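Asker: Those letters in the sequence shown? Residues 1 to 571, per the UniProt record's numbering, in order.
Quick reminder that beta carbons are idealized off the backbone N, C-alpha and C, glycines included.
A quick note: this is a predicted structure, and the numbers were derived from the prediction, not measured.
Please read through the structure below; I'll follow up with questions.
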Amino acid sequence: MSQIVWKEEIKFRHVYGSKIEQQLHLLSAKHYYDGEMCTASFQPFLDIQNKYTRQYGSDFQIDHIESILNDGRIHENLTVKYYAEKVIRFLKHQQLRNKWIQYLSQFEKQSNTNQSSCSMFPNGVETKNNHEESPKSSEQQSAPGDVIEGAILLSSWFQPNSYIDPIYIRQQIKLIAELTIDELKAVYPQNKLITKHGEVCLTDSEANSLNESLFPPLDCKQILMSLNNVLFLQLKFFGNSSRYYEPENSFIDKVIERRTGIPISLCILYQAIAAKLGVKVFLVNFPRHFLIKWLQFPDSLKDNQMRYTYIDVFDGGRFLEQLPVYFNASSSQFSDWDSIVKPASVFRRMCNNLVEVGRQQENSNDGLLCLRNGLELSLIISPEDVESRMLLSRVYIHLNINLEEVEDMLNKISSRDPAATGIVMFLRQSVESQMFGKKKANNRPIRKTREKCDVKFAVGMIMKHKRYNYSCVIYGWDPKCAASRDWISQMGVHNLPNKDKQPFYNVLVEDGSTRYAAQENLIIGPSPQPINHYEVGKYFSTFCGRYYLPNEEKKSEYPDDEEFRKRLLSK
């Protein structure tokens, strides 16, 4: 192994960092008038990565950008940080895409090995052809591998601007397993995990390769009962039924941190802890619900499903009996549902959940980003998924990005699903229209001066709404209301004393929304505070205590506002 020359490494990092910062500072001028950055916009950062080759070059780039984002000066350099977050998302997704492909490939190999005894149904869940197969054979086919790794990858994909620490997550799982052993020792001191296995949990490698439980059913049941006591009674984990559609419920780091989640994420955690304790349990994807099943009666001659006990982790680890009755289903329906879920199907289901969360909140930036993240990951997990490809095409068209990629996706959709010809033709027309619009776009700033208008406030000022009491920052104005007649009528502007003949202001609101407010409804904020809105950095470079300082692009749009703001706030 060659010796590292640290002087050269430091020099490399300095030059590398300078090139990265240079590109970050160019982004506002290039993309100020774009609603969102397309994939091609990030090419300069890939070029830097390719030019300055090092074993960990991509990590260096991410580390340098994160050092800018986490410099401790939260109210400065806002425009660079706004674009740095977008670059981080792109670069981390580039890394994670490769990790996902590598992660999923191990299960494809496993699936090919077991192909002779399994069939692939349209929903992607592998189901045994022969329900009379021996329990041991069934378990061997369904060895899950490291599902926690997939859960960590999913959390990282949806939270690219946060650091997800895999070591910490695995330490927490081990800690819960160790607490369970302590509980087991106190309540069931003769359990074989205590008497025969030295009171220690399995290593991650041993747990991931576990093909069957290490102990007899009675001992396994005692272990699972102890796990329930620790997880749900002592540590207070619970199913988040009141805020079910929060995206954090699907992120393994947040599930551990907040001690709450939805059925699928809690089942993943439960399965990982049980494996550390030597108990093999399986994930089962029932309609609208995820459960755990455990082979309690391996020697039973009854129906295959009667060999298993089912556990509702979302309901405090409740052991379920008469499961067909519980789901109000016939035995034949139950048999169709009672298939052990493969990891790819688990994460496909989680993506579908998060896509639905994004669709419910798509009018907000967080919701739209969640939707986009979910669809992009869905197509990594299931490249042939026509529905996800169609919906992602519509998202890109809505954002006016990646239009060439949309054309390619639409071609693939039409070749795989002739029934979609009509919607594909409509979307192609939208793509052509937007591409033509981009070619004709004039991105020169429209300069708004204060001559002959009664505009009383300026860009960057922090305001309070008289009626709705929200705080906001002005990022644009019109001397008279420039909204459509329908909007004016819908919002009741005609009921205002000055109606639509007064200045109206574009404002970023503290709740993350963007609004258009009449001058008579705004007052200067008596106690100005920073506005928590994702687009603040797009328009402003610094928070100065009483106002935001516009960046160069915003200054060029409102050249008179800086002097006017200074005079107004100095009174």
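For the beta strand (DSSP E) that contains Pro263, what are its first and last residues?
Answerer: Taken as a continuous stretch (DSSP letters only), Pro263 belongs to no beta strand (DSSP E), being part of the alpha helix (DSSP H) at 263-276.
Asker: Taking three-plus beta-carbon pairs below 8 Å as touching, is the stretch 149-159 in contact with the stretch 369-384?
Answerer: Contact holds: three or more Cβ-Cβ distances are below 8 Å.
Asker: Are the beta-carbon atoms belonging to Leu235 and Ile173 less than 9 Å from one another?
Answerer: Contact: no.
Asker: Hey, out of Ile48, Glu520, Thr449, whose CA is closest to Pro497's CA?
Answerer: The residue with the shortest Cα to Cα distance from Pro497 is Glu520.
Asker: Can you look up Ser415 in the DSSP assignment and give me helix, strand or coil?
Answerer: Helix, per DSSP.
Asker: Starting from Pro217, follow the beta strand (DSSP E) in both directions and report where the run begins and ends.
Answerer: From DSSP, Pro217 is part of no beta strand (DSSP E) but of the alpha helix (DSSP H) over 217-228.
Asker: With Ile292 and Ile311 assumed to form a contact (beta carbons below 8 Å), what rounded beta-carbon distance in angstroms separates them?
Answerer: Indeed, because the Cβ distance is near 4 Å, the residues count as touching under 8 Å.
Asker: Whole angstroms are fine: how far does the CA of Tyr505 sit from the CA of Ser516?
Answerer: The sequence given here has Tyr at residue 516, not Ser. Whole-angstrom Cα-Cα distance: 5 Å.
Asker: Taking the alpha carbon of Asn365 as the reference point, which residue from Leu379, Val395, Arg348 has its own alpha carbon closest?
Answerer: The option with the nearest alpha carbon to Asn365 is Val395.
Asker: Do we get a CB-CB distance below 9 Å when we pair Thr542 with the residues of chain E?
Answerer: As a matter of chain content, chain E is missing from the structure shown, which is built from one protein chain.
Asker: Measuring alpha carbon to alpha carbon, tell me which of Phe314, Asn285, Ala274 ends up nearest Ile262.
Answerer: Ranking the options by Cα distance to Ile262, first place goes to Phe314.
Asker: From which residue to which residue does the beta strand (DSSP E) around Ile523 run?
Answerer: Run containing Ile523: 522-524, per the beta strand (DSSP E) assignment.
Asker: Go to Arg318, then tell me how far its alpha helix (DSSP H) extends in each direction, as first and last residue.
Answerer: It is not in any alpha helix (DSSP H) - Arg318 instead sits in the beta strand (DSSP E) that spans 318-320.
Asker: Which residue comes first and which comes last in the alpha helix (DSSP H) that contains Tyr168?
Answerer: First-last of the alpha helix (DSSP H) with Tyr168: 166-187.
Asker: Between Ser300, Arg307, Phe286, which lies nearest to Trp294 when the distance is taken from Cα to Cα?
Answerer: Nearest C-alpha to Trp294: Arg307.
Asker: I'd like to check one pair, Tyr558 with Trp477: are the Cβ atoms closer than 9 Å?
Answerer: Contact: yes.
Asker: Looking only at C-alpha atoms, which of Leu277, Pro287, Ala84 sits nearest to Glu183?
Answerer: When each option's Cα is compared against that of Glu183, the closest is Leu277.
Asker: Just tell me which of Asn50, Gly57, Leu27 has its CA closest to the CA of Arg13.
Answerer: Nearest option by C-alpha distance: Gly57.
Asker: For the pair the stretch 524-531 and the stretch 469-476, tell me if three or more CB-CB distances fall below 8 Å.
Answerer: At 8 Å Cβ cutoff, the stretches touch.
Asker: Note down, in chain order, each residue of its chain lying with its Cβ closer than 6 Å to the Cβ of Arg450, except the 5 sequence neighbours on either side.
Answerer: So the list reads Asp560, once near-sequence residues are dropped.
Asker: What residue does the beta strand (DSSP E) around Arg243 start on, and which one ends it?
Answerer: Here Arg243 belongs to no beta strand (DSSP E), and DSSP marks it neither H nor E.
Asker: Quick one: measure Cβ to Cβ for Ala84 and Ile68, integer angstroms, because I've assumed they're closer than 8 Å.
Answerer: Their Cβ separation, rounded to whole angstroms, is 5 Å, which keeps Ala84 and Ile68 in contact under 8 Å.
Asker: State the Cα-Cα distance for the pair Tyr300 and Glu404, rounded to the nearest angstrom.
Answerer: Before going on, a small fix: residue 300 reads as Ser here, not Tyr. Using only the alpha carbons, I get a separation of about 58 Å.
Asker: Which runs of the alpha helix (DSSP H) at least 4 residues long sit entirely within the stretch 24-94? Give them in chain order.
Answerer: 43-51, 57-69, all fully within the stretch 24-94.
Asker: Taking 8 Å as the threshold, find out whether the stretch 254-271 comes into contact with the stretch 181-198 through three or more Cβ pairs.
Answerer: With a cut-off of 8 Å, the stretch 181-198 and the stretch 254-271 do not count as touching, because too few Cβ pairs lie within range.
Asker: Near Leu91, what residues of its chain come up, given a Cβ to Cβ distance below 7 Å and the 5 sequence neighbours on each side ignored?
Answerer: Within the same chain, Leu91 has close Cβ partners Phe45, Ser58, Gln61, Ile62.
Asker: When you compare the CB positions of Gly512 and Asn532, do they come within less than 9 Å of one another, or not?
Answerer: Cβ atoms of Gly512 and Asn532: closer than 9 Å.
Asker: Tell me whether Leu295 sits in a helix, a strand or coil according to DSSP, three-state version.
Answerer: Strand at Leu295.
Asker: Which residues in the same chain as Tyr52 place their Cβ atom closer than 6 Å to its Cβ, once the five residues preceding and following it in sequence are excluded?
Answerer: The residues are Tyr16.
Asker: From Asn123 to Phe290, what does the alpha carbon distance come to, in whole angstroms?
Answerer: Interpretation of Asn123 is limited by its pLDDT of 36, a score under 50 that renders its predicted location unreliable; the figure taken from the coordinates is listed afterwards. If I take the Cα positions, the gap works out to 15 Å.
Asker: Would you identify the three-state DSSP class for Cys472, choosing helix, strand or coil?
Answerer: Residue state, collapsed to three classes: strand.
Asker: When the Cα of Gly316 is compared with those of Leu233, Asn285, Met491, which residue comes out closest?
Answerer: Closest option to Gly316, Cα to Cα, is Leu233.
Asker: In chain order, what residues of the same chain lie with their CB nearer than 7 Å to the CB of Asp152, ignoring the 5 residues before and after it?
Answerer: The displayed chain sequence assigns Ile, not Asp, to residue 152. Counting only Cβ-Cβ distances below 7 Å, and skipping sequence neighbours, we find Ile164, Pro166, Ile169, Ile252.
Asker: Could you tell me the distance, in whole angstroms, from the CA atom of Asp204 to the CA atom of Glu387?
Answerer: Roughly 36 Å separates the two Cα atoms.
Asker: Please say whether Leu391 and Leu410 have beta carbons closer to each other than 9 Å?
Answerer: Not a contact, by the Cβ cut-off of 9 Å.
Asker: With a threshold of 6 Å on Cβ separation, who are the neighbours of Ala274 within its own chain once the five nearest residues in sequence on each side are excluded?
Answerer: Excluding positions up to five away in sequence, the list reads Val281.
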